[in-house]
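A short worksheet on the structure shown next.
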Ligand code: FAD
Ligand code: MLT
Ligand code: ZN
C-alpha cells in the first residue's frame with residue numbers, strides 16, 4: 130500500500146508541473162486547510178484490502194492510483210482527498226459486511242454517488258475509504274397503479290427518468306446533473322432542482338428507504354405506502370443526511386403521471402420588479418400547471434454564450450430572463466400562454482419571449498439554463514452560494530456583491546440565477562483562480578446577510594465540507610446540539626463522512 134500512496138502523490142505532481150494539462154492544480158484538502166486534523170482512524174493495511182476483495186471480488190476494489198484520482202476530487206475541482214481505496218459493492222448485504230468490519234476496525238468512510246455534489250461532501254477530506262454506489266444500479270420494481278418506483282441507490286437519475294417515461298410517468302424531480310448524479314445521492318442531499326415548485330421536496334415523494342447503519346445493521350424501511358403514521362418517521366432522518374448517518378441502499382419513490390403537454394417559454398425582462406410581477410401574474414393565471422419558474426440574470430446568459438457557445442434566442446441585452454415550464458393535460462395551454470405573453474408584452478411587463486412545445490425545442494431552451502454551472506466553472510474557479518430568501522430580498526444581494534468585488538482582478542462574473550419559484554437563489558462568483566481577497570469579501574458576509582433576512586444558507590446543496598462552519602447562521606445552538614446527539618447515537622465512532630456537516 131505504501132507504494133500506492135507514493136504513486137498517488139506523483140500523479141498530483143505531474144498535473145502540477147503541467148498546468149496546460151490540468152489548468153487548475155487541485156490542492157489536497159489537508160494542505161489547503163492545515164488547521165484540520167485527521168481523526169484517530171485506522172490506516173488501511175493490506176489485510177483490509179484483502180478482506181474487501183474477499184467480499185466484493187478484486188474488480189470492485191480500486192487501488193490503482195490513476196483510477197483513484199477522479200473519486201478523490203469534487204465536481205468543482207475545489208477539494209481533494211487522498212483515499213487509497215474505492216469500494217464498489219453491488220448489494221446491501223455487501224455494504225452491511227463492509228460497515229460492520231469498518232466499525233470494528235475504526236476505519237472512516239466517505240459515501241459517494243455520482244460525485245456531482247457542490248459542497249465538498251462527496252470526497253474524502255483525508256484518506257477515508259470511498260464507498261461508491263455506482264455498481265448498485267438495479268431497478269427493482271415499478272407499480273403503474275401507485276406510481277411507486279423501487280430501485281437501488283446507484284441508479285443514475287437520467288436512466289430512471291427514461292425508464293418511468295416509457296411507462297407514462299416522470300420522476301418527481303429533475304437536476305442539471307441528471308446524467309451523472311444518482312438517486313441515493315439525491316436523497317442523501319435532499320436535492321431540490323428544477324421542478325420542486327410543482328412536485329414538492331423529496332420529503333414528500335420518498336415513501337420508503339433501506340439504509341445500512343454505521344455498525345452494519347440494515348434498517349429496512351422500504352415502504353411503498355402513501356400513508357404510514359406508525360411512530361417516528363425515521364426515513365426523514367436520512368433524507369438530507371449527506372452520508373453522515375447511514376448509507377442509503379434502496380429507495381421507494383412516488384412518481385407522478387407525465388403530463389400530456391409540456392410548454393416552455395423563455396422570457397426577457399428589464400427589471401427584477403417586473404420579474405416579481407410576472408411571477409405573481411403567472412401563478413394566478415396558470416396555478417399548478419407551472420412546473421418550473423427559473424431566473425437567469427444577464428451575466429448568466431452571457432457566460433453560457435461566451436463559454437459554452439449557446440446563443441440566447443431572444444433579445445440578449447436584457448437584465449433578466451425567466452424560463453417557465455407548464456405541464457398540463459389541457460390542449461389549449463400553448464395558446465393560453467401565447468395570449469398571456471402577448472398581453473404582457475402590450476402592457477410592457479415583458480420585453481421579449483419565445484415559446485416551445487415540441488421536445489427538441491423545449492430541450493434547447495432548457496439547455497441554456499442547465500449549462501449555467503458549467504459555463505461559470507470554465508473561468509477557472511467558482512464560489513457558490515445557494516440560499517433561500519424571502520422574495521422581497523431575492524436579487525438584492527447580487528448588486529451588493531458586485532460592488533464589493535468591483536476592483537478585484539480575479540473576478541470574471543458575479544451572477545444570480547436559480548429557482549425563483551422556490552425562493553432559491555444561486556449566487557455565483559466566477560474567478561480565474563481561488564484567492565483570499567475574493568473569499569474574504571464573500572464570507573461570512575453572504576451568510577450574515579442571508580441570516581439577517583431570515584433566509585437559509587443552504588437551500589438545496591447541503592452543508593457538506595464547505596459550509597459546516599456556517600451552520601450556525603441557519604440553525605440554533607439547540608438545533609445543532611440535537612443534530613450532534615442524533616449523529617452520536619447512530620454513529621458513535623463517527624466513521625461515516627467525518628469532517629462534514631458539523632462545525
Ligand atoms: P454525491 O455528490 O456523490 O454525494 C453528495 C452527498 O451525498 C455526499 O455527502 C455523499 O456522501 C452523500 N451520499 C451520496 N450517496 C449516498 C448514499 N447512497 N447514502 C448516503 N449518502 C450518500 N442540486 C440540487 O439540489 N438542485 C439542482 O438543481 C442541482 N443542479 C446541479 C447541476 C449541476 C450541473 C451540478 C454539477 C450539480 C447540481 N446539483 C443540484 C448538486 C448535486 O447534483 C446534487 O447534490 C445531487 O443530489 C448529488 O447527487 P450525487 O449522486 O452526485 O451525490
Ligand atoms: C442549479 O440550479 O443549476 C444547480 O443547483 C447548480 C448550481 O447551483 O450551480
Ligand atoms: Zn439549483
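In our numbering, the protein residues as written are 130 to 632.
We put the beta carbon where it would ideally sit given N, CA and C, even for glycine.
Since residue 336 contacts residue 381 with CB under 8 Å, what's their CB separation in whole angstroms? Position 207 of the chain shown, counting from 1, holds the residue named residue 336. Position 252 of the chain shown, counting from 1, holds the residue named residue 381. A Cβ-Cβ distance of about 5 Å is found for the pair residue 336 and residue 381, placing them in contact under the 8 Å criterion.
What does DSSP give as the partner residue(s) for residue 545 in the beta ladder? Counting from 1 along the chain shown, the entry for residue 545 is found at position 416. The beta-bridge partner set that DSSP reports for residue 545 consists of 556.
Return yes when at least one heavy atom of the ligand FAD lies under 7 Å from the C-beta of residue 502, else no. Reading the chain shown from its first residue, position 373 is the one you call residue 502. For residue 502, the CB falls within less than 7 Å of some heavy atom of the ligand FAD.
Please return the same chain residues whose Cβ sits closer than 7 Å to the Cβ of residue 312, not counting the five positions on each side in sequence. Against the chain shown, residue 312 aligns to sequence position 183. Within the same chain, residue 312 has close Cβ partners 280, 282, 284, 286, 289 and 380.
Enclosing beta strand (DSSP E) for residue 240 [first to last residue]: Your numbering for residue 240 matches position 111 in the chain shown. Residue 240 -> beta strand (DSSP E) spans 238-241.
Between which residues of its own chain and residue 470 is the CB-CB distance below 8 Å, once the five residues before and five after are set aside? The count along the chain shown starts at 1 and reaches residue 470 at position 341. Excluding positions up to five away in sequence, the list reads 394, 396, 479, 482 and 484.
Does the count of Cβ pairs from the segment 363-370 and the segment 439-446 closer than 8 Å reach three? No, they do not touch.
Just to confirm before moving on: does the CB-CB distance between residue 628 and residue 599 stay below 8 Å? Looking up residue 628 in the chain shown gives position 499. Looking up residue 599 in the chain shown gives position 470. Not closer than 8 Å, so no.
Considering Cα atoms alone, identify which of 266, 561, 307 and 622 is closest to residue 207. As a working note, residue 207 is residue 78 in the chain shown. Cα-wise, what sits closest to residue 207 is 561.
Would you mind stating whether residue 415 and residue 451 have Cβ atoms separated by less than 8 Å? In the chain shown, counting from the first residue as 1, residue 415 sits at position 286. In the chain shown, counting from the first residue as 1, residue 451 sits at position 322. Inclusion of residue 415 and residue 451 in the CB contact set at 8 Å is not warranted, their separation being larger than that value.
According to DSSP, which residues form a beta bridge with residue 230? Taking the chain shown and counting its residues from 1, the one referred to as residue 230 is at position 101. The partner list for residue 230 (beta bridge, DSSP) is empty, contrary to what the question assumes.
With a threshold of 8 Å, are at least 3 pairs of Cβ atoms found where one atom belongs to the segment 271-278 and the other to the segment 340-357? Below 8 Å, enough C-beta pairs join the segment 271-278 and the segment 340-357 to call them touching: three or more.
Per-residue burial, residue 362 [other beta carbons within 10 Å of its own, 16 or more giving buried]: Residue mapping note: residue 362 aligns to position 233 of the chain shown, counting from 1. Counting of Cβ neighbours within 10 angstroms places residue 362 among the exposed residues, the total staying below 16.
Is residue 150 buried or exposed, if buried means 16 or more other CB atoms sit within 10 Å of its CB? Sequence index remark: in the chain shown, residue 150 carries index 21 (1-based). Note that residue 150 has pLDDT 40, beneath the 50 cutoff, so the model's placement of it is unreliable and no number is given.
Please go through the segment 479-550 and give each complete beta strand (DSSP E) segment of 3 or more residues, from N-terminal end onward. For the segment 479-550, whole beta strand (DSSP E) runs of length 3 or above, ordered along the chain, are 481-485, 510-517 and 540-548.
Heavy atoms of the ligand ZN versus C-beta positions, residues under 7 Å: Residues with a Cβ closer than 7 Å to any heavy atom of the ligand ZN, in chain order: 321, 322, 515, 547, 548, 553, 555 and 589.
For residue 225 and residue 340, believed in contact at Cβ under 8 Å, the rounded distance: Numbered from 1 along the chain shown, position 211 holds the residue referred to as residue 340. Numbered from 1 along the chain shown, position 96 holds the residue referred to as residue 225. Taking the Cβ atoms as the reference, residue 340 lies roughly 10 Å from residue 225, outside the contact range of under 8 Å.
For residue 191, which residues does DSSP report across the bridge? What you label residue 191 is simply residue 62 of the chain shown in a count that begins at 1. DSSP, once it has assigned bridges, lists 215 as partnering residue 191.
Where residue 251 falls: helix, strand or coil (DSSP): Counting from 1 along the chain shown, the entry for residue 251 is found at position 122. It is coil, neither helix nor strand.
Exposure of residue 499, with buried meaning 16 or more beta-carbon neighbours within 10 Å: One-based indexing of the chain shown puts residue 499 at position 370. Buried.
One question on the structure: do residue 619 and residue 375 come within less than 8 Å of each other, judged by their Cβ atoms? By 1-based counting over the chain shown, the position of residue 619 is 490. By 1-based counting over the chain shown, the position of residue 375 is 246. Taking 8 Å as the Cβ cut-off, residue 619 and residue 375 qualify as a contacting pair.
Residue 142, DSSP secondary structure in three states: Walking along the chain shown from the start, residue 142 turns up at place 13. Confidence is the limiting factor: at residue 142 the pLDDT is only 35, short of 50, which leaves the residue's position unreliable, though a coordinate-based value still follows. DSSP places residue 142 in helix when its eight states are reduced to three.
Let me know the secondary structure DSSP gives residue 290 once reduced to three states. As a position in the chain shown, residue 290 is number 161, starting the count at 1. Here residue 290 sits in helix by DSSP.
With hydrogens ignored, establish whether the beta-carbon of residue 629 is closer than 7 Å to any heavy atom of the ligand FAD. Position 500 of the chain shown holds residue 629. For the ligand FAD, at least one heavy atom lies less than 7 Å from the Cβ of residue 629.
Best match in 410, 461, 504 and 231 for proximity to residue 439 [C-alpha to C-alpha]: Stepping through the chain shown from its first residue, residue 439 is reached at position 310. Closest by alpha carbon: 504.
If you count every other CB in all the chains shown that lies within 10 Å of the CB of residue 583, and 16 or more means buried, which is it? Position 454 of the chain shown, counted from the start, is the residue given in the question as residue 583. Residue 583 comes out exposed.
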